[in-house]
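As structure tokens, the structure follows; a few thoughts come after it.
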Amino acid sequence: MFRLMNATLVTFVSFLVIGTVSAAGKQNLNDLDYKTFPNLASESSAVIEWGHSAIISALDASVARFGPQTSQAALLEVECQPVLASPMNGAGRSEAEPLEVLANADDVHGNMVVMTNNGGLSGVEMAKLAKNSGAVALLVVNVDQEQPDEIYPLLSEDGFETDIPVVMISLNSANVLTSATVTPEMDPKDVVNHGMPERVRLYAGGDRPFFEDVTQESPVLYLIHNLLTEEECDNLEGQASSKVEPITKNDILQLAPDVSQAQNVERVYLWKGALKTHAQKSIDERIEQVTGFPGDHFSDFHVEKYGTNSMWGAHYDSHPTNGIMATVTVFLSDGGPPVVFPSAKGKPVKVFPRKGLAIVHHDLDQKHELDYSTVHAFLKGEEEGYIARKHVLLTPITPARRVVLPILALPFGGKLPSFLIQVHDMVYEKFGEENGSAYFDKILVGVCVLILVSIAQGIANIVQQQMGGSSSSSGGAKKGAAAGSKKSDSKAKRPKKAKSS
311 MFRLMNATLV
321 TFVSFLVIGT
331 VSAAGKQNLN
341 DLDYKTFPNL
351 ASESSAVIEW
361 GHSAIISALD
371 ASVARFGPQT
381 SQAALLEVEC
391 QPVLASPMNG
401 AGRSEAEPLE
411 VLANADDVHG
421 NMVVMTNNGG
431 LSGVEMAKLA
441 KNSGAVALLV
451 VNVDQEQPDE
461 IYPLLSEDGF
471 ETDIPVVMIS
481 LNSANVLTSA
491 TVTPEMDPKD
501 VVNHGMPERV
511 RLYAGGDRPF
521 FEDVTQESPV
531 LYLIHNLLTE
541 EECDNLEGQA
551 SSKVEPITKN
561 DILQLAPDVS
571 QAQNVERVYL
581 WKGALKTHAQ
591 KSIDERIEQV
601 TGFPGDHFSD
611 FHVEKYGTNS
621 MWGAHYDSHP
631 TNGIMATVTV
641 FLSDGGPPVV
651 FPSAKGKPVK
661 VFPRKGLAIV
671 HHDLDQKHEL
681 DYSTVHAFLK
691 GEEEGYIARK
701 HVLLTPITPA
711 RRVVLPILAL
721 PFGGKLPSFL
731 IQVHDMVYEK
741 FGEENGSAYF
751 DKILVGVCVL
761 ILVSIAQGIA
771 NIVQQQMGGS
781 SSSSGGAKKG
791 AAAGSKKSDS
801 KAKRPKKAKS
811 S
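Positions 311 to 811 (this note's numbering) are the ones given, in order, by the sequence shown.
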């Protein structure tokens with residue numbers, strides 16, 4: 311009875327998934343009204359940092375379009391105490407009575423003033439108020455409850471300029487800042503400077519990875535700028551360019567269980583596993599650090615080539631034997647397909663290519679069930695381009711796939727021979743979804759053990775033969791020496807004949 315109910319549930323879920331994808335596919339994805347990304351750039355990226363050499367905390371900030379810019383590093387960089395504005399949002403009693411200076415201007419003087427953006431003031435008005443109060447920098451907190459990680463560059467008005475840096479941080483970042491010196495057991499009376507550090511440092515972010523929030527839920531979706539450097543993008547594209555092949559059929563082993571929506575897309579899965587170089591390991595470590603996902607759950611990169619006539623229609627990232635928690639999609643070039651999420655909460659989302667930019671979306675919800683709002687597609691681009699995808703799996707990568715398959719793929723530059731894929735598919739088809747891949751792993755490990763045992767036996771035989779040969783030579787020499795010794799002795803002992811008289 312339970313199996314029947316379970317089978318019915320699986321059928322219902324499958325029907326629901328197919329229905330959702332079909333509905334997305336029937337939409338003309340090119341005609342939807344999208345919220346477009348990315349909206350931030352390295353040129354507007356700044357960092358607010360505090361701490362000492364052992365423990366350093368840092369927050370992403372966005373530089374306003376007025377005031378010192380990141381290209382003017384010496385003017386942008388300041389190190390001082392953060393001071394909360396009074397009033398916090400800088401608003402006066404009414405629009406008719408705006409403040410000329412802050413109530414705590416004496417404390418603000420020579421420091422970085424922290425002000426929220428919910429007082430009805432524009433960025434320029436807040437900058438003027440901060441400048442009039444003697445601040446050397448203005449830190450604006452975006453108090454958007456619905457987008458607590460969102461930041462953006464404040465715009466200028468009528469060509470306004472100022473000589474103090476003006477940056478914005480998100481609501482979540484502000485919560486980190488105001489709890490920097492607070493411990494759980496601390497008495498509220500002992501909290502100093504609203505929990506903020508004694509000093510902070512503001513400087514240009516440069517090529518450092520930084521986040522851009524897209525949607526907080528349905529799906530969880532965000533961007534990581536500069537996840538890969540230009541050199542890393544070029545290296546990954548170079549490894550894949552001579553190995554990609556047109557997608558013609560499903561490939562469960564290499565995490566492409568349903569390719570029915572792929573059109574004119576070329577793909578290769580690069581098996582590196584435990585054989586990664588130092589540079590490749592550093593990429594995984596960086597992804598683990600910025601996303602928080604465990605590195606032993608990371609798949610290897612699979613790289614896809616998109617021409618101007620290529621697209622991958624509405625689909626989910628899922629797998630029948632090892633669920634996919636999240637997907638990291640990296641643009642390896644400035645060309646290629648825009649990525650769309652037509653079912654994103656609030657408004658459909660479109661992300662345009664930018665070299666080194668990563669899209670991270672959570673494929674599963676908090677109950678570890680497929681999030682249907684993650685349906686996404688790769689549209690036709692204006693230029694040819696490459697993307698790389700890495701999946702975060704529910705369970706760690708097995709030793710067979712972390713060690714054995716990369717060894718077998720090593721002579722081919724990381725590309726697995728097709729016969730191994732065929733063997734996997736045969737085993738999977740014979741033993742089914744539940745046991746097929748597990749049996750394939752056991753076969754790999756068994757074959758690997760047999761090969762190692764054979765190699766060890768062969769080495770042992772060679773060593774034994776050499777030792778046997780040395781022993782024979784040594785024994786022959788000893789026998790010869792003994793025979794020679796006996797011969798000499800016999801000659802020495804032979805009596806001389808007596809002379810006849």
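Where is the CB? At the ideal position from N, CA and C, for every residue including glycine. This structure is a prediction, so every number in the text was calculated from the model and none was measured.
Rounded Cβ spacing between residue i and residue j (contact assumed at less than 8 Å)
i, j, result
"ASP416", "ASP459", "With a Cβ gap of about 34 Å, ASP416 and ASP459 do not count as contacting."
"TRP622", "ALA572", "5 Å"
"GLY400", "LEU394", "That belief does not hold up - the Cβ atoms of GLY400 and LEU394 are roughly 11 Å apart, past 8 Å."
"PHE520", "ASP370", "4 Å"
"LEU703", "ILE634", "6 Å"
"GLY645", "GLU694", "6 Å"
"VAL418", "SER443", "5 Å"
"HIS625", "VAL685", "7 Å"
"VAL453", "ASN428", "5 Å"
Length of the line joining the Cα atoms of residue i and residue j
i, j, result
"LEU715", "PRO475", "53 Å"
"ALA584", "LYS559", "28 Å"
"SER570", "GLU542", "30 Å"
"GLY515", "GLU743", "47 Å"
"ASN421", "PRO494", "28 Å"
"GLU555", "ALA437", "55 Å"
"ILE765", "PRO658", "58 Å"
"ASP497", "GLY505", "12 Å"
"PHE651", "LEU531", "10 Å"
"LEU385", "VAL446", "11 Å"
"LEU754", "PRO727", "14 Å"
"SER396", "VAL713", "60 Å"
"GLN774", "ILE717", "29 Å"
"GLY778", "PRO709", "39 Å"
"ILE697", "SER643", "7 Å"
"LEU439", "GLY402", "11 Å"
"LEU627", "ASP673", "The residue asked about is misnamed: residue 627 is Asp in this sequence, not Leu. Their backbone Cα atoms lie some 7 Å apart in a straight line."
"LEU431", "LEU563", "56 Å"
Where residue i falls: helix, strand or coil (DSSP)
i, result
"ASN545", "helix"
"PRO721", "helix"
"ASP610", "coil"
"SER261", "Within the shown structure, residues of the chain are numbered from 311 to 811, placing residue 261 beyond reach of any answer."
"TYR749", "helix"
"THR601", "helix"
"TYR696", "strand"
"LYS690", "coil"
"THR558", "coil"
"ARG596", "helix"
"LYS807", "Only weak support is given to the placement of LYS807: the predicted model assigns it a pLDDT of 49, under 50, and the value that follows is read from those uncertain coordinates. In this structure, LYS807 counts as coil in the three-state DSSP scheme."
Residues of its chain near residue i, where Cβ-Cβ distance is below 7 Å and the 5 sequence neighbours each way are ignored
i, result
"ASN574", "GLY617, ASN619, SER620"
6 Å CB neighbourhood of residue i in its chain, flanking five on each side removed
i, result
"PRO648", "LYS660, PHE662, LEU689"
"VAL737", "GLY746, TYR749, PHE750"
"THR631", "SER747"
Short CB-CB distance (under 8 Å) between residue i and chain B
i, result
"GLY605", "Looking for chain B here will not work: only one protein chain is present."
Same chain, Cβ closer than 8 Å to residue i, five either side skipped, listed in chain order
i, result
"VAL388", "MET422, VAL446, ALA447, PRO475, ARG511, LEU512"
"SER324", "Reliability of the predicted coordinates at SER324 is poor, the pLDDT of 45 falling under 50, and the value obtained from them is presented with this limitation in mind. Nothing listed; no residue qualifies."
message: Any contact between the stretch 677-694 and the stretch 612-621? By contact I mean 3 or more CB pairs, one from each, below 8 Å.
response: Judged by pairs of C-beta atoms under 8 Å, the stretch 677-694 touches the stretch 612-621, as three or more such pairs exist.
query: Between the stretch 493-507 and the stretch 634-653, do three or more beta carbon pairs fall short of 8 Å?
result: With a cut-off of 8 Å on Cβ pairs, the stretch 493-507 is not in contact with the stretch 634-653, counting fewer than three such pairs.
query: Counting Cβ pairs closer than 8 Å, one from the stretch 350-360 and one from the stretch 499-518, do we hit at least three?
result: Touching, yes.
task: Determine, using beta-carbon pairs with one atom in the stretch 713-729 and one in the stretch 372-391, whether at least three such pairs fall under 8 Å.
output: At 8 Å Cβ cutoff, the stretches do not touch.
query: Is the stretch 471-485 in contact with the stretch 446-463, if contact means three or more CB pairs nearer than 8 Å?
result: Segments in contact, yes.
- prompt: At a cut of 8 Å, does the stretch 604-612 reach the stretch 696-711 through at least three beta carbon pairs?
  reply: By the C-beta criterion, the stretch 604-612 is judged to be in contact with the stretch 696-711, since at least 3 inter-stretch pairs fall below 8 Å.
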